[in-house]
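All remarks here apply to the structure that follows.
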Amino acid sequence: MEIRKELNNATLFPNLEILANQVVEGFISGIHKSPFHGFSAEFAEHKIYNNGESTKHIDWKLYAKTDKLYTKRYEEETNLRCHMILDNSASMFYPQVKTQTLGNLNKIGFGILAIAALMNVLKKQRDAVGLSVFSDDYHYYTTEKGSERHFQMLLAKLNEIGSEKSGGKETRTYTYIHQIAEKIKRRSLIFLFTDMLQTEKEDEELFEALRHLKYNKHEVVLFHLMDKELEYHFDFDNTPKRFLDVETGEHLDLYADTIKEAYEKGVQEYFTSIKLKCAQYRIKYVEVDIIRDFSTILNTFLVERSKFL
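Residue numbers (full-length UniProt numbering): 1 to 309.
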């Protein structure tokens, strides 16, 4: 029988902030102060137009009434609003490892570190970030902010999630994506970290929930997390094993080689259907192998950020 060791460390990472900085160090070495100096949507006041200034923000309606040139001054809050959504269900804690390190992560560990790394970049760019965490319950929500205090609060929350030995038994993606869509009021770039293994609804209904986000004018990126060697290619040695569904409790006793071919075919068909649905609903789909590095996550973020602004 296959034996997997439980996580026994008090927190997932001794210092998540330092490790996140290590992940992005070098990757963004060529990025300096944010070149994006756009105005936020929140109007603050008018000021008299001075010759030589840009005419971009002149209030022409006010000019028609007063015959004087005024420009609109805005509250410069952030360049981008980004909301991270993390699936914290039991399947995300696969595979279980004794000590998680940069090169030895399960899906929840990878998702936590990826979000922390993206937060590191967002902070450098003076962008705002929010976070939602769900499984069989809507565990956590905070709106997008850019303050240092807010970033530290999110890091503490991510460490708290990392200290858990297992997530919620079920994955209620459909229900909570709809609730998240109702909460995020201003247009944002949304990253969903999930293994796309759910128990509540059919895939069609899940994508209806994701369409809710698109309907609200958000841009959505789905990071599909997997251990490709084990979950996609089913590379287990051919000895008797018990495979347990951690969300339903069901199990199968079998030799891996007896179902490997059929399993791989079924998984490929499932992944293809997900990709086609994402393309249909204009959701950015990114396949992520958790045993590889984080360049896929960071590259996707930088491309999507530049398109969003």
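Glycine included, C-beta positions come from ideal geometry on N, C-alpha and C.
Next item on the list: Could you tell me the distance, in whole angstroms, from the CA atom of Phe207 to the CA atom of Ser135?
Entry: 17 Å
Item checked: Inter-residue spacing [alpha-carbon to alpha-carbon] between Asn9 and Leu155 -> In this prediction, Asn9 scores a pLDDT of 40, lower than 50, which makes its location untrustworthy; no coordinate-derived value is stated.
Item checked: Asp203, DSSP secondary structure in three states -> Asp203 falls in the helix class under three-state DSSP.
Notebook entry, point to check: Does DSSP put Asp121 in a helix, in a strand, or in coil?
Noted result: Strictly speaking, residue 121 in this sequence is Val, with Asp absent from that position. DSSP places Val121 in helix when its eight states are reduced to three.
Margin query: On the criterion of 16 or more Cβ atoms from any shown chain inside 10 Å, does Thr101 qualify as buried, or is it exposed?
Written below: exposed
Checklist line | Spatially closest choice to Gln179 from Glu148, Ile85, Gln96, Thr272, by CA coordinates | finding: Ile85
Check: Fully enclosed by the region 215–290, which beta strand (DSSP E) runs are 3 residues long or longer?
Finding: Qualifying beta strand (DSSP E) stretches, in chain order: 219–226, 241–244, 251–254, 284–289.
Next item on the list: Give the DSSP bridge partners of Thr101, in chain order.
Entry: According to DSSP, which records beta bridges pairwise, Thr101 is partnered with Asn104.
Margin query: Given a cut-off of 8 Å on the beta-carbon distance, is the pair Val220 and Leu192 in contact?
Written below: yes
Check: To which residues of the same chain is Phe36 closer than 7 Å at the C-beta, ignoring the five residues directly before and after it?
Finding: The predicted position of Phe36 is uncertain, since its pLDDT is 36 and thus under 50; a value taken from the coordinates is nonetheless stated next. Asn79, Leu309.
Next item on the list: Taking Met84 as part of the beta strand (DSSP E), name the residues at either end of that continuous run.
Entry: Start and end: 81–87.
Item checked: Which of helix, strand or coil DSSP assigns to Phe13 -> coil
Item checked: Residue from Asp87, Phe294, Pro95 whose Cα sits closest to the Cα of Val133 -> Asp87
Check: Considering only C-alpha positions, which residue in the set Tyr94, Val286, Leu254, His150 is nearest to Pro240?
Finding: Leu254
Check: Where does Lys185 sit, in a helix, a strand or coil, going by DSSP?
Finding: coil
Check: On the premise that His224 lies in contact with Glu287, defined as a C-beta separation below 8 Å, what is that separation, rounded to the nearest angstrom?
Finding: 5 Å between Cβ atoms; contact.
Check: Under three-state DSSP, which class holds Ser54?
Finding: coil
Margin query: Under DSSP, the beta strand (DSSP E) around Ser135 begins and ends at which residues?
Written below: Per DSSP, Ser135 belongs to no beta strand (DSSP E) and is neither H nor E.
Margin query: DSSP three-state label for Phe93, please.
Written below: helix
Item checked: Close-in-space but distant-in-sequence residues of the same chain around His227 (CB under 8 Å, 5 per side omitted) -> According to the sequence displayed, residue 227 carries Asp and not His. These residues qualify, in order along the chain: Tyr94, Pro95, Asn106, Lys107, Asp289, Ile290, Ile291.
Note to self: On a Cα-Cα basis, can you pick out the residue from Thr71, Ile112, Tyr285, Glu231 that is closest to Gly52?
What the structure shows: Thr71
Next item on the list: Check Lys307 in the structure and name its three-state DSSP category.
Entry: helix
Item checked: alpha helix (DSSP H) segment containing Met153, residue limits -> The continuous alpha helix (DSSP H) containing Met153 extends over residues 148–162.
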